[in-house]
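First up is the structure itself, then whatever we jot down about it.
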């Protein structure tokens, strides 16, 4: 049943909420997930796989929410309090410590689903750094773009997160991925990337462009899947296609800057299972500094666009 979600652990101000469970009776356990089809199906597969490994003949009944369920949650969240803003930088914004200094993310709207900080660029544009305490996968990622467009009149969204590499010779935690094409199954999309012509990208060996593929769940990434998709795609995650498609639908500019967190094509000892270790985090700090450099140039470039929103706010 889909009804609520809570906190597992809090090593970060964002993306720390996890599904919870309710014991119904001696033979029934009810799992509560964020209401997003891809998210619910992922956890259903995780549980089913575990039970299969344990040789338990247990039935897993999955109640799939509607595609609009996540958008309904976002519309009822504190995101609607953000106000008008020209550009939203979404994702691991707490790691962008030098883009805007002195932000204490833990105190920003502590009971809300979102936290943000909005500042004015030199050209008078409003730029919002936005983080979510829930991990927004699949359809929920697209819902975020639509809600931002409706309630905040957002003109551009830049997503900063992580991807896996399908290409060999791309070491984890040493490169930044970007691009302007993505595929989900047989649905391909291309878009006008607002980051494409930035000098800080073109002149950097740290940034690689490539075609992207989204999956409903990391459990889809089997060896057979890899052999099929690595012929045409370089990056994989569970969100970017949905964001790009929603952005195109509602006429929002979209771009992404993702740290390559692991390599599916070759094992180099660094992946999502050990990403919290000091050595990996130190390597990522260098990449986040480069992302900040790119974002500074982007913001300066965006200042040449027609005037839009200029609200200066922060969540409290």
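Numbering (the working numbering), first residue to last: 294 to 609.
Just so you know, even glycine gets a beta-carbon here, dropped at the ideal spot from N, CA and C.
Integer Cβ distance of residue i from residue j, believed to fall under 8 Å
i: residue 421; j: residue 375; result: 7 Å
i: residue 482; j: residue 398; result: Their Cβ separation, rounded to whole angstroms, is 32 Å, which puts residue 482 and residue 398 out of contact at 8 Å.
i: residue 495; j: residue 554; result: Contact flag wrong, Cβ pair sits at about 24 Å.
i: residue 333; j: residue 341; result: Contact doesn't hold; Cβ gap of about 12 Å is too wide.
i: residue 471; j: residue 520; result: About 25 Å; that fails the 8 Å criterion.
i: residue 563; j: residue 573; result: 6 Å
i: residue 490; j: residue 304; result: About 37 Å; that fails the 8 Å criterion.
i: residue 486; j: residue 395; result: That pair is no contact at about 31 Å.
Endpoints, beta strand (DSSP E) assigned at residue i
i: residue 321; result: 321 to 325
i: residue 450; result: 449 to 458
i: residue 548; result: 546 to 556
i: residue 476; result: 474 to 477
i: residue 522; result: Segment 516 to 522 is the alpha helix (DSSP H) holding residue 522; no beta strand (DSSP E) there.
i: residue 511; result: First-last for residue 511: undefined, no H or E at that position.
i: residue 420; result: 419 to 425
i: residue 529; result: 528 to 530
Under the three-state DSSP convention, the category residue i falls into
i: residue 387; result: helix
i: residue 296; result: Confidence in residue 296 is poor, its pLDDT being 40 and thus under 50, which makes the residue's placement too unreliable to answer from.
i: residue 540; result: helix
i: residue 471; result: strand
i: residue 308; result: coil
i: residue 352; result: coil
i: residue 503; result: coil
i: residue 494; result: helix
i: residue 357; result: coil
i: residue 484; result: coil
i: residue 315; result: strand
i: residue 376; result: coil
i: residue 601; result: Reliability of the predicted coordinates at residue 601 is poor, the pLDDT of 49 falling under 50, and the value obtained from them is presented with this limitation in mind. Here residue 601 sits in coil by DSSP.
CB of residue i within 9 Å of CB of residue j, strictly
i: residue 510; j: residue 475; result: no
i: residue 590; j: residue 492; result: yes
i: residue 362; j: residue 329; result: yes
i: residue 392; j: residue 544; result: no
i: residue 405; j: residue 370; result: yes
i: residue 595; j: residue 540; result: no
i: residue 459; j: residue 538; result: no
i: residue 500; j: residue 514; result: no
i: residue 536; j: residue 435; result: yes
i: residue 425; j: residue 380; result: no
i: residue 428; j: residue 581; result: no
i: residue 382; j: residue 579; result: no
i: residue 314; j: residue 430; result: no
i: residue 497; j: residue 576; result: no
i: residue 488; j: residue 444; result: no
i: residue 542; j: residue 432; result: no
i: residue 325; j: residue 453; result: no
i: residue 512; j: residue 437; result: no
i: residue 385; j: residue 309; result: no
i: residue 633; j: residue 463; result: Since the first residue of the chain shown is 294 and the last is 609, residue 633 is not available in this structure.
i: residue 461; j: residue 558; result: yes
N-terminal and C-terminal residue of the alpha helix (DSSP H) that residue i is part of
i: residue 580; result: 571 to 595
i: residue 407; result: Taken as a continuous stretch (DSSP letters only), residue 407 belongs to no alpha helix (DSSP H), being part of the beta strand (DSSP E) at 407 to 413.
i: residue 434; result: 431 to 445
i: residue 365; result: 362 to 368
i: residue 334; result: 330 to 346
Selection from the options that minimises the alpha carbon distance to residue i
i: residue 409; options: 417, 387, 309 and 448; result: 387
i: residue 423; options: 446, 451, 431 and 444; result: 451
i: residue 311; options: 446, 335 and 465; result: 335
i: residue 377; options: 419, 353, 497 and 518; result: 419
i: residue 504; options: 519, 473 and 532; result: 473
i: residue 610; options: 597, 567, 323 and 395; result: With the chain covering 294 to 609 only, the question about residue 610 has no answer from this structure.
i: residue 597; options: 385, 414, 571 and 477; result: 414
i: residue 525; options: 565, 549 and 478; result: 478
i: residue 546; options: 565, 446, 468 and 320; result: 446
Near the ligand SAH: residue i beta-carbon under 8 Å from a heavy atom
i: residue 582; result: Ligands are entirely absent from the displayed structure, and the ligand SAH is therefore not among its contents.
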